[in-house]
Amino acid sequence: DVKVTQSSRYLVKRTGEKVFLECVQDMDHENMFWYRQDPGLGLRLIYFSYDVKMKEKGDIPEGYSVSREKKERFSLILESASTNQTSMYLCASSYWAAGGGEQCFGPGTRLTVL
Amino acid sequence: KQEVTQIPAALSVPEGENLVLNCSFTDSAIYNLQWFRQDPGKGLTSLLLIQSSQREQTSGRLNASLDKSSGRSTLYIAASQPGDSATYLCAVRSMNYGGSQGNLIFGKGTKLSVKP
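If you read the sequences in order, they're chains A and B. Residues are numbered in this note's numbering as their position in the first sequence, beginning at 1, plus a constant of 3. Residues are numbered in this note's numbering as their position in the second sequence, beginning at 1, plus a constant of 2.
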């Protein structure tokens, strides 16, 4: 089974801090994704990557950056955390396939910014 | 722009009942459609993936159908159990969003409660 792990289940940070959220997958998937999930808004795509050192903006990239130095690891960075970035953050990965492979999700990180 | 709608937003049924969850999408140009389950405070678990060329997929008590031309998918759960209580999310991989891999566009989910 594909396993996607995220570095923390719960995280509390202060406004202005730099925050790193780490995601690791163990199935050699090419594609990796970062979403945030908020009540009433559903899941929204922040950034995605189809290959090492490659990144593309999703629907809501403002205030975030990403890093993919190794195939199995995709990091989400909040350069200067703000209270409106309090949310559930979900990482996902999938194999490369024409039309996209099945996406598998990690357990999520609940981030609170005070 | 692709939009995905799930109705109803919440559903409560007695144990043992067969039930259908609905998903509709506005643009039929899709690669595939994926159904997920999410327990409170947890990540998403993939249930079924239906390719655009397929009509249905089955896994145990779950059966998902796809009618691409009408922009509809249903998730059928047979003989529901209290352990099926969760939020069920539908997501389509649109040809017009995300390039050759087509990124997922999610509905807001149906919250299912199965009463013992």
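Where is the CB? At the ideal position from N, CA and C, for every residue including glycine.
Short CB-CB distance (under 8 Å) between residue i and chain A
i	result
residue 36(B)	yes
Neighbourhood of residue i by C-beta, 7 Å cutoff - its chain only, sequence neighbours within 5 removed
i	result
residue 33(A)	53, 54, 98, 99
residue 90(A)	39, 40, 41, 114
residue 73(B)	26, 27, 28, 30
residue 11(A)	112
residue 32(B)	54, 70, 94, 95, 96, 97
residue 18(B)	81, 82
residue 10(B)	112
Three-state secondary structure assigned by DSSP to residue i
i	result
residue 88(A)	helix
residue 45(A)	strand
residue 69(B)	strand
residue 118(B)	coil
residue 158(B)	In the structure as shown, chain B starts at 3 and stops at 118, and residue 158(B) therefore has no counterpart that could be examined.
residue 84(B)	helix
residue 35(A)	strand
residue 16(B)	strand
residue 93(B)	strand
residue 101(A)	coil
residue 8(A)	strand
residue 34(B)	strand
residue 117(A)	coil
residue 2(B)	Residue 2(B) cannot be examined here, being either before or after the span of chain B that is shown, 3 to 118.
residue 59(A)	strand
residue 78(B)	strand
Check: residue i C-beta below 7 Å from any heavy atom of the ligand FMN
i	result
residue 57(B)	Among the ligands in the structure shown, none appear at all, so the ligand FMN cannot be discussed.
Min CB distance residue i to chain B below 8 Å
i	result
residue 64(A)	no
residue 81(A)	no
residue 108(A)	yes
residue 24(A)	no
residue 75(A)	no
residue 105(A)	yes
residue 114(A)	no
residue 111(A)	yes
residue 93(A)	yes
residue 19(A)	no
Distance, residue j Cα to residue i Cα
i	j	result
residue 48(B)	residue 87(B)	15 Å
residue 4(B)	residue 28(B)	6 Å
residue 24(A)	residue 65(A)	16 Å
residue 63(B)	residue 80(B)	5 Å
residue 76(A)	residue 27(A)	5 Å
residue 104(A)	residue 72(A)	22 Å
residue 52(B)	residue 107(B)	15 Å
residue 115(B)	residue 15(B)	6 Å
residue 111(B)	residue 8(A)	23 Å
residue 62(A)	residue 35(A)	15 Å
Own chain, CB closer than 6 Å to residue i, minus 5 neighbours either side, in chain order
i	result
residue 70(B)	30, 54
residue 22(B)	76, 78
residue 69(A)	50, 58, 79
residue 22(A)	16, 81, 84
residue 35(B)	52, 68, 75, 94
residue 41(B)	88
Below 8 Å between beta carbons is the criterion; list the residues of the stretch 30–54 of chain B that meet it against any residue of chain A, in chain order. For the stretch 30–54 of chain B, which is checked against every Cβ of chain A, the residues closer than 8 Å are 33, 34, 36, 38, 43, 44, 45, 46, 47, 48, 51, 53, 54.
Residues of the stretch 94–116 of chain B whose Cβ lies closer than 9 Å to any Cβ of chain A, in chain order: 95, 97, 100, 101, 102, 103, 104, 105, 106, 107, 108, 109, 110, 111
Residues of the stretch 33–50 of chain A whose Cβ lies closer than 7 Å to any Cβ of chain B, in chain order: Answer in chain order: 34, 45, 46, 48.
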